[in-house]
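Chains as they are written, first to last, in the working numbering: chain A, 738 to 984; chain B, 89 to 212. All C-beta atoms, glycine included, are put in the ideal place defined by N, C-alpha and C. Heads up: the structure comes next, in structure tokens.
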Amino acid sequence: EEGKELAALSALVGAPPMPLIQELMEQAPTARPQGHLKKMMGGQPLRYMLNLYRSFADHNGRPRQDYRLDTNAVRLVRPSGKRRQSGASPWRTQTLDYYLKVHPEVEHLVKVAVVYSQTLSTAHAQVLCTVELSGEDSDPKLPLKPVLPQRRVRNNTILSRKNSWVEMDITSSLQPGAWDTKKSQLLSLSHTCTRLGLEGGWDGTVSLNDPFLLLYLNNTRKGLQSKLGKALSEETPSGTVRTRKVR
Amino acid sequence: QAGNIVLDLPSYLQKNSNEKDECSLHSFRVSFAQLGWDHWIIAPHRYNPKYCKGNCPRILRYGYNSPNHAIVQNFINELVDQSVPRPSCVPYKYSPISVLMIEQNGSILYKEYEDMIAESCTCR
């Protein structure tokens, strides 16, 4: 409510709201995470992001000068929908849908990567998995091939040793500008796993290692300012821009 | 009159160089829980934005990175009208902070925010 009041006040006086306040109004959860949100926060995705955070910032939150990202924001996106395909054991394939939710006016999407576990060891079995793009946005000439598990791949990739989570850049496999429209911001991945080892069901095993996406973004204040500036200039009655001649 | 102040500068600096309440950068640690943002920001837990506090000296030195306007305003306060205040002690340079946060839809976001930590102070 306070956020709405601030926004209303800003609109009233014609001043652009501050970027941090803007984000607080738009993105911050309104209350402490409860139930399902707490569940969503846990597990490998959170561990992965905490590791990424520790790599790029010290314990005071200062970005490390010697190990900087090419972008200033990384968003982890979990699948928003799952469709299991019928198949005989020991194979299981599911199609996972991801809603990219990129705001082109203020965010520039630089890179898209998928993070998935190639191997998952449980008490009764070992699970091996692969992912590939499915749907219209994928380029059939560029099949996804998992890279060999290693501690670091290039600058920005961090891998978990225990269950060999790998980060794979899929930017080049997507059509340029595929996420410009709302409809095309949906990305589908086909996730196939096979079980090795003792007998047993799949219950809960695959959901432990659902792949997730990492969106590398350049979130610019300039974008926000130009968006707000445009809105303000549209409010100017004459519609003209004042300029000063250079002597 | 202004010339007299400038001629007075070396002795003034010598006399007042140890002033404890002079404009300077101070540390202040705050937790995101205290700010009410701990449901949003996962890391870091604590944050030191720092702040600037203190009196701006009568004669502004180069170290303060004060613009010409601040120096003129100081002269006006000193020589013309004391209702015009002296320049204020405010942050000059900032550094960014990296945060890990939860968005409304449950996405986890790593982000670098510019201008979140004061690094030096100025009088302006």
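Buried or exposed, going by whether 16 or more other CB atoms sit within 10 Å of the CB of residue i?
i: Arg-932/A; result: buried
i: Ser-854/A; result: buried
i: Arg-829/A; result: buried
i: Asn-946/A; result: buried
i: Gly-976/A; result: Only weak support exists for where Gly-976/A lies, its pLDDT of 42 falling under 50; the value from the coordinates is given anyway. By the 10 Å Cβ count, Gly-976/A comes out exposed.
i: Glu-760/A; result: buried
i: Ser-195/B; result: buried
i: Pro-841/A; result: exposed
i: His-157/B; result: exposed
i: Tyr-835/A; result: buried
i: Leu-924/A; result: buried
i: Gln-802/A; result: exposed
i: Tyr-804/A; result: exposed
i: Ser-171/B; result: exposed
i: Gln-161/B; result: buried
i: Ser-186/B; result: buried
i: Leu-926/A; result: buried
CB-CB under 8 Å to residue i, same chain, minus the five flanking residues each way: which ones, in chain order?
i: Arg-799/A; result: none
In chain order, what residues of the same chain have a beta carbon less than 6 Å from the beta carbon of residue i, not counting five sequence neighbours either side?
i: Pro-782/A; result: Leu-813 and Phe-949
i: Asp-126/B; result: Phe-120
i: His-845/A; result: Asn-955
i: Gln-831/A; result: Lys-819, Arg-821 and His-928
i: Ala-810/A; result: Leu-954 and Asn-956
i: Tyr-135/B; result: Val-118
i: Asn-165/B; result: Val-172 and Arg-174
i: Tyr-152/B; result: Thr-210 and Cys-211
i: Lys-838/A; result: none
Got a sec? Which residues, its chain only, sit under 7 Å from residue i by beta carbon, not counting five neighbours each side?
i: Leu-879/A; result: Unreliable placement is indicated for Leu-879/A, whose pLDDT of 41 sits below 50; the coordinate value is still reported in the next sentence. The answer, listed in chain order, is Ser-909 and Ser-910.
i: Ile-130/B; result: Leu-188, Met-189 and Ile-190
i: Val-847/A; result: Asp-807, Thr-808, Tyr-953, Leu-954 and Asn-955
i: Ile-907/A; result: Val-849, Ala-850, Val-851, Leu-870 and Leu-881
i: Gln-192/B; result: none
i: Ser-817/A; result: Asp-834, Tyr-835 and Tyr-836
9 Å is my cut-off, CB to CB: does residue i come that close to chain B?
i: Val-864/A; result: no
i: Ala-794/A; result: yes
i: Gly-818/A; result: no
i: Val-811/A; result: yes
i: Asn-946/A; result: no
i: Val-814/A; result: yes
i: Lys-848/A; result: no
i: Pro-800/A; result: yes
i: Pro-782/A; result: yes
i: Leu-923/A; result: no
i: Leu-926/A; result: no
i: Tyr-790/A; result: yes
i: Met-786/A; result: yes
i: Leu-833/A; result: no
i: Gln-806/A; result: In the sequence as displayed, the identity of residue 806/A is Leu instead of Gln. Judged by the 9 Å Cβ criterion, Leu-806/A is in contact with chain B.
i: Leu-857/A; result: no
i: Leu-933/A; result: no
i: Leu-870/A; result: no
i: Leu-757/A; result: yes
Counting contacts by CB-CB distance shorter than 9 Å, is residue i in contact with chain A?
i: Asn-56/B; result: The shown model of chain B, from 89 to 212, leaves out residue 56/B, and the question about it has no answer.
i: Ala-131/B; result: yes
i: Asn-136/B; result: yes
i: Ser-112/B; result: no
i: Tyr-201/B; result: yes
i: Pro-184/B; result: yes
i: Val-187/B; result: yes
i: Ser-176/B; result: no
i: Tyr-152/B; result: no
i: Glu-166/B; result: no
i: Tyr-139/B; result: no
i: Tyr-198/B; result: yes
i: Ile-159/B; result: no
i: Ile-147/B; result: no
Can you list the residues of chain C that residue i reaches, using a CB-CB cut of under 8 Å?
i: Ser-195/B; result: Among the protein chains of the structure shown, namely A and B, there is no chain C.
Exercise. Spell out a yes or no on whether the stretch 139–152 of chain B and the stretch 114–122 of chain B are touching, meaning 3 or more CB-CB pairs, one atom from each, closer than 8 Å.
Key: The count of Cβ pairs closer than 8 Å, one atom from the stretch 139–152 of chain B and one from the stretch 114–122 of chain B, reaches three, so the stretches are in contact.
Quiz item: What runs of the beta strand (DSSP E), each 3 residues or longer, lie entirely inside the stretch 786–833 of chain A?
Solution: You should have 810–814 and 818–822.
Quiz item: What are the start and end residues of each continuous alpha helix (DSSP H) run of 4 or more residues lying completely inside the stretch 107–169 of chain B, in chain order?
Solution: Whole alpha helix (DSSP H) segments, 4+ residues: 156–163.
Quiz item: Counting Cβ pairs, one atom from each stretch, are 3 or more of them under 8 Å apart for the stretch 193–209 of chain B and the stretch 174–184 of chain B?
Solution: By the C-beta criterion, the stretch 193–209 of chain B is judged to be in contact with the stretch 174–184 of chain B, since at least 3 inter-stretch pairs fall below 8 Å.
Quiz item: Quick one: any contact between the stretch 185–201 of chain B and the stretch 786–794 of chain A, if contact means 3 or more CB pairs under 8 Å?
Solution: Pairwise C-beta distances place the stretch 185–201 of chain B in contact with the stretch 786–794 of chain A, as three or more of them are shorter than 8 Å.
Quiz item: Can you list the beta strand (DSSP E) stretches of 3 or more residues lying completely in the stretch 169–208 of chain B, in chain order?
Solution: The stretch 169–208 of chain B contains these whole beta strand (DSSP E) runs: 177–190.
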